[in-house]
Amino acid sequence: IRTIGTLATLESGRLSEDLPLCTDFMSEIPDKTVLYVALLLHDIAKGRVEDHSIAGARIARKVGPRLGLTAQQTETVAWLVEQHLTMSMTAQS
């Protein structure tokens, strides 16, 4: 939830002086709803026996339509949830 607040602050432009690149990048994202929902759901399956990224993507596919997302938005959210650890794993290898 804290990350969503930070993203909203970034989107508002209030961090443009401290984070100009991130602020510019935010303005380029065409569908910010997808990003907000992915942030909300990215760790929804944490603590389960199976890989939480894969389980979270499955949950995102069920929750997306209930939140009013289109099929494409839902798939993008699911992909973001499933891939949210990729950069960290790549950096550590």
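Numbering (the working numbering), first residue to last: 114 to 206. Using N, Cα and C, we set each Cβ at its ideal position, and we do this for glycine too.
query, result
"Return the residue from the list VAL162, GLY126 and ALA151 that minimises the CA-CA distance to GLU141.", "GLY126"
"Just to confirm the assignment, what range does the alpha helix (DSSP H) spanning LEU134 have?", "133-141"
"What would DSSP say about LEU128, mapped onto helix, strand or coil?", "coil"
"Sort GLY169, PHE138 and PRO143 by Cα distance to LEU152 and report the nearest one.", "GLY169"
"Could you tell me if THR203 is buried or exposed, where buried requires 16 or more neighbouring beta carbons within 10 angstroms of its beta carbon?", "exposed"
"Among THR119, LEU154, LEU120 and THR136, whose alpha-carbon lies nearest the alpha-carbon of GLN196?", "LEU154"
"Assuming VAL147 and VAL190 form a contact by the criterion Cβ under 8 Å, report the distance between their Cβ atoms to the nearest whole angstrom.", "6 Å"
"Assuming VAL150 and LEU182 make a contact with CB atoms under 8 Å, what is their CB distance in whole Å?", "7 Å"
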